[in-house]
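**Q** Residue numbers (our numbering): 4 to 210.
Please find one structure pasted underneath; my questions will follow.
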């Protein structure tokens with residue numbers, strides 16, 4: 004009887020030791036994953052400047068198109084191509100806290116056979132506009148504006164930048180549908196493009 008109790012106690016102790024070791028290993032693994040440097044992917048560029056100890060995370064350029072049902076609002080605007088990019092930076096190789104990344108820059112590049120916007124535009128974001136009970140929107144303010152010298156007098160480029168709180172990108176990532184109202188023109192992102200933004204914002208979501 005006594006020997007049986009000893010064996011039972013030994014088994015209990017061994018199980019406790021095993022579970023503790025497993026949990027410690029999991030914690031260590033999770034910690035390593037959180038602290039490991041970000042890496043570039045097909046949709047995201049990550050560049051670490053060792054001399055300044057700063058990491059730049061960029062959403063690679065994607066072409067966003069006008070939303071078909073809103074074209075009547077933009078009928079006076081010529082056809083054009085709109086490219087969207089975004090980027091943020093932080094000290095070190097991994098963001099440590101929300102204070103690490105307070106601002107994100109959104110960039111809109113317009114290419115056409117003439118200048119389209121001519122000045123900065125108000126940027127309004129619409130989330131889940133066709134999902135009942137979830138649709139919401141907010142203004143992010145007015146963009147900065149820069150026009151580039153025409154190429155061969157046929158290619159006209161405009162760049163509109165706006166710096167927004169990182170929390171805005173977190174809201175993008177939580178949405179199922181995302182639209183940008185750049186002045187009077189509405190651009191709806193595809194599911195794949197929204198997935199790219201979610202990948203871009205994932206490090207921010209973990210802060």
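Even glycine gets a Cβ: it sits at the ideal position worked out from N, Cα and C.
Would you list the residues sitting across from residue 129 in a DSSP beta bridge?
**A** Taking the first residue of the chain shown as position 1, residue 129 is located at position 126. The bridge partners DSSP lists for residue 129 are 140 and 182.
**Q** Taking just the CA atoms, how far does residue 84 sit from residue 159?
**A** If you number the chain shown from 1, residue 159 lands on position 156. If you number the chain shown from 1, residue 84 lands on position 81. Going from the Cα of residue 159 to the Cα of residue 84 covers about 11 Å.
**Q** What are the residues that DSSP puts in a beta bridge with residue 91?
**A** Reading the chain shown from its first residue, position 88 is the one you call residue 91. 60, per the DSSP bridge assignment.
**Q** Check whether the Cβ atoms of residue 161 and residue 150 sit closer than 9 Å, and answer yes or no.
**A** Residue mapping note: residue 161 aligns to position 158 of the chain shown, counting from 1. Residue mapping note: residue 150 aligns to position 147 of the chain shown, counting from 1. Taking 9 Å as the Cβ cut-off, residue 161 and residue 150 qualify as a contacting pair.
**Q** Rounded to whole angstroms, what is the Cα-Cα separation between residue 120 and residue 91?
**A** On the chain shown, residue 120 is found 117 positions in, with the first residue counted as 1. On the chain shown, residue 91 is found 88 positions in, with the first residue counted as 1. Cα-Cα distance, rounded: 25 Å.
**Q** According to DSSP, simplified to helix, strand and coil, what is residue 119?
**A** As a position in the chain shown, residue 119 is number 116, starting the count at 1. Residue state, collapsed to three classes: coil.
**Q** Can residue 50 and residue 44 be called in contact, C-beta distance under 9 Å?
**A** Start at 1 with the first residue of the chain shown, and residue 50 comes out as number 47. Start at 1 with the first residue of the chain shown, and residue 44 comes out as number 41. For residue 50 and residue 44, no; Cβs fall outside 9 Å.
**Q** Does residue 105 come out as helix, strand or coil in the three-state DSSP assignment?
**A** To locate residue 105, count along the chain shown from 1; it is residue 102. Coil at residue 105, not helix or strand.
**Q** Rounded to a whole number of angstroms, what is the C-alpha to C-alpha distance between residue 110 and residue 179?
**A** For the purposes of this step, residue 110 is identified with residue 107 of the chain shown, where counting begins at 1. For the purposes of this step, residue 179 is identified with residue 176 of the chain shown, where counting begins at 1. Straight through space, the alpha carbons of residue 179 and residue 110 are spaced by roughly 21 Å.
**Q** In the DSSP assignment, what residue or residues form a beta bridge with residue 161?
**A** As a first step, residue 161 must be located in the chain shown, where it is residue number 158. According to DSSP, residue 161 bridges with 113 and 150.
**Q** So, helix, strand or coil for residue 40, using DSSP?
**A** One-based indexing of the chain shown puts residue 40 at position 37. Three-state result, residue 40: coil.
**Q** From residue 81 to residue 108, what does the alpha carbon distance come to, in whole angstroms?
**A** Counting from 1 along the chain shown, the entry for residue 81 is found at position 78. Counting from 1 along the chain shown, the entry for residue 108 is found at position 105. Computed Cα separation, rounded: 27 Å.
**Q** What residues match up with residue 84 in a beta bridge as DSSP calls it?
**A** Position 81 of the chain shown, counted from the start, is the residue given in the question as residue 84. BP columns for residue 84 point to 114.
**Q** Grab me the residues of residue 205's own chain with a C-beta within less than 8 Å of its C-beta, minus the 5 sequence neighbours each way, in chain order.
**A** Within the chain shown, residue 205 is the residue found at index 202, counting from 1. Once the five neighbours on either side are set aside, the close Cβ partners of residue 205 are 176.
**Q** If I follow the unbroken beta strand (DSSP E) through residue 188, where does it start and stop?
**A** Numbered from its first residue, the chain shown carries residue 188 at position 185. That run of the beta strand (DSSP E) goes 188–191.
**Q** Look at the Cβ atom of residue 128, then the Cβ atom of residue 184, and state whether they are nearer than 9 Å.
**A** For this step, residue 128 is matched to residue 125 along the chain shown. For this step, residue 184 is matched to residue 181 along the chain shown. Yes.
**Q** Please state whether DSSP places residue 48 in a helix, a strand or coil.
**A** Against the chain shown, residue 48 aligns to sequence position 45. Three-state DSSP puts residue 48 in a strand.
**Q** For residue 33 and residue 187, what's the separation of their Cα atoms in angstroms?
**A** What you label residue 33 is simply residue 30 of the chain shown in a count that begins at 1. What you label residue 187 is simply residue 184 of the chain shown in a count that begins at 1. Any reading at residue 33 needs caution, since the residue's pLDDT is 43, under 50, leaving its predicted position unreliable; the model's value is listed next. In a straight line, the C-alpha of residue 33 is about 46 Å away from that of residue 187.
**Q** On the three-state DSSP scale, how would you describe residue 65?
**A** On the chain shown, residue 65 is found 62 positions in, with the first residue counted as 1. Residue state, collapsed to three classes: strand.
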